[in-house]
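Numbering (the working numbering), first residue to last: 8 to 425. C-beta: ideal position from N, C-alpha, C; glycine also.
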Ligand SMILES: Cc1cc2nc3c(=O)[nH]c(=O)nc-3n(C[C@H](O)[C@H](O)[C@H](O)COP(=O)(O)OP(=O)(O)OC[C@H]3O[C@@H](n4cnc5c(N)ncnc54)[C@H](O)[C@@H]3O)c2cc1C
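Below is the structure:
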């Protein structure tokens, strides 16, 4: 058993010493001239990749290069919904692996990621919605994934604040419900993986922007950064929002569009909603944070761009959709709003893959729904990088599928931002 240097005694000692000599949760080393593996991007996926490379695959010298601060991209901007109820076997298995990792993550990292299995509800507002819900729910059960169908009365019993009247513009006809789904604290996920990776010797280098990918004879040899050239024969890119920018540095054309995606939170309220409610039809979803804020999100802004902000029309439509479902929230004041940049693939599924350049790997295209995949994505990507072969769970998510046509269309399960 590893010595726990974050014991209650160290907390007490630091409290009385006014945090003098408080040890940083991770080091801030200067970059070494070379590494066995360079991970580009210090979001949750990149940090999880580095953690599993070190902890499971015993790779020796690993660096995570982050152009800003860790978790400052989509990881710290998302609405934290975690679920695994995807339609197709390939996605269902990958997200379910991730959900299983979530269930033991706080213990694995010795860091409370505040994973709360409060359930995720997907509403149906039309006959076709309900047919899709039954189809997906049955597919989930065949894959051993928990899924229930709720009637409007059962929904009302669980979420009294929701309007399930037949007279609503979009009447609630039923819902699928995944009890094991829920939410987690997004910053804690980045911090937990960072601290655990650092403990295993991973160099986490912030304010280190990759501006070039170096290659010779069809193989990667390192990266150019604002802190100089760093060499490695393996470069793993996990730079959500900027994957096509990184791809172009290696002359790879990625099948990716980068879109703004927004979220907003209300002033804190007393507990009023203890599950997650999503609706593809009205295009909104909502949960309540432990602080009491209503956490609300919508779909992507339709245009492409790299500005971490969005347009007002999305917020307007989003809030209207939420008030439609929850008239009682119409007088709640919104506190703040923000945006991230998400990489979207044409089939609404990620790319976790080797590339045509030896030693260069890409993990991207998680679109609006990659937070839930954080541990699973790191798990399979670490395997892919360590063995130079995909794990069985990400073999189908290769980059060649956009030329072979073996797409995995998850637009139904990923239809609204989540
Ligand atoms: C508003 C919003 C709501 C969302 N809601 C959910 C949700 O409820 N559930 C869910 O599952 N998913 C959700 N998502 C999606 C989810 O946040 C992402 O899919 C996921 O966080 C991607 O993780 P990541 O670690 O790959 O990316 P990021 O956290 O974005 O990490 C990528 C990192 O790469 C860095 N980087 C980029 N270029 C370079 C470079 N040249 N050099 C060095 N570093 C670089 C960036 O600074 C960034 O820190 C949401 C996203 C947004 C924006």
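- Annotation: the continuous beta strand (DSSP E) that includes residue 237 extends over 235-238.
- Around the beta carbon of residue 129, a 10 Å sphere encloses 16 or more other beta carbons of the protein chains shown; the residue is thus reported as buried.
- For secondary structure counted as the alpha helix (DSSP H) over 4 or more consecutive residues, the segment 159-239 holds these complete runs in sequence order: 159-165, 193-206.
- Nearest C-alpha to residue 103 among 121, 295, 115, 153: 153.
- Looking only at 16, 58, 334, the smallest Cα-Cα distance to residue 202 is reached by 58.
- It is roughly 13 Å from the alpha-carbon of residue 72 to the alpha-carbon of residue 34.
- In the three-state reduction of the DSSP assignment, residue 275 falls in the strand class, which pools E and B.
- Per the DSSP secondary-structure output, residue 301 pairs in a beta bridge with 295.
- In terms of CA proximity to residue 375, 351 leads the group 363, 351, 398.
- Distance from the CA atom of residue 162 to the CA atom of residue 177, rounded to whole angstroms, is 15 Å.
- Annotated three-state conformation of residue 405 is coil, per DSSP.
- Closest by C-alpha distance to residue 167, out of 281, 29, 390, 99, is 281.
- For residue 313, the closest of 333, 271, 336, 251 by C-alpha to C-alpha distance is 251.
- Annotation: the continuous alpha helix (DSSP H) that includes residue 140 extends over 134-149.
- Annotated three-state conformation of residue 287 is coil, per DSSP.
- Not one heavy atom of ligand 1 lies closer than 7 Å to the C-beta of residue 104.
- The DSSP assignment places complete alpha helix (DSSP H) segments of no fewer than 4 residues inside the segment 347-415 at 381-394, 408-411, in order along the chain.
- Contact annotation: residue 272 and residue 45 have beta-carbon atoms that are not nearer than 8 Å.
- Inclusion of residue 349 in the 7 Å shell around ligand 1 follows from its C-beta lying nearer than that to a non-hydrogen atom of the ligand.
- If you draw a 10 Å sphere on the C-beta of residue 30, you find fewer than 16 other C-beta atoms in it, and that means exposed.
- Its chain contains 93, 94, 95, 98, 354, 355, 356 as the residues whose beta carbon lies nearer than 8 Å to that of residue 417, once the 5 sequence neighbours on both sides are disregarded; these appear in chain order.
- Nearest C-alpha to residue 377 among 198, 171, 246: 246.
- According to DSSP, residue pairing for residue 269 in a beta bridge involves 346.
- Under DSSP, residue 45 shares a beta bridge with 70, 242.
- Taking 7 Å as the cut-off, the C-beta of residue 84 counts as close to a heavy atom of ligand 1.
- According to the DSSP assignment, residue 130 belongs to the beta strand (DSSP E) that extends over 127-131.
- Residue 220 places its beta carbon less than 8 Å from that of residue 227.
- In the three-state reduction of the DSSP assignment, residue 89 falls in the strand class.
- Annotation for residue 339: 273 place their beta carbon closer than 6 Å to its own, counting only its chain and skipping 5 residues before and after.
- Ranking 119, 349, 172 by CA distance to the CA of residue 85 puts 349 first.
- In the structure shown, residue 341 falls within a strand segment according to DSSP collapsed to helix, strand and coil.
- Judged by DSSP in its simplified three-state form, residue 417 adopts coil rather than helix or strand.
- Taking 8 Å as the cut-off, the Cβ atoms of residue 360 and residue 404 count as close.
- With a 10 Å radius around the Cβ and a threshold of 16 neighbouring Cβ atoms, residue 164 comes out exposed.
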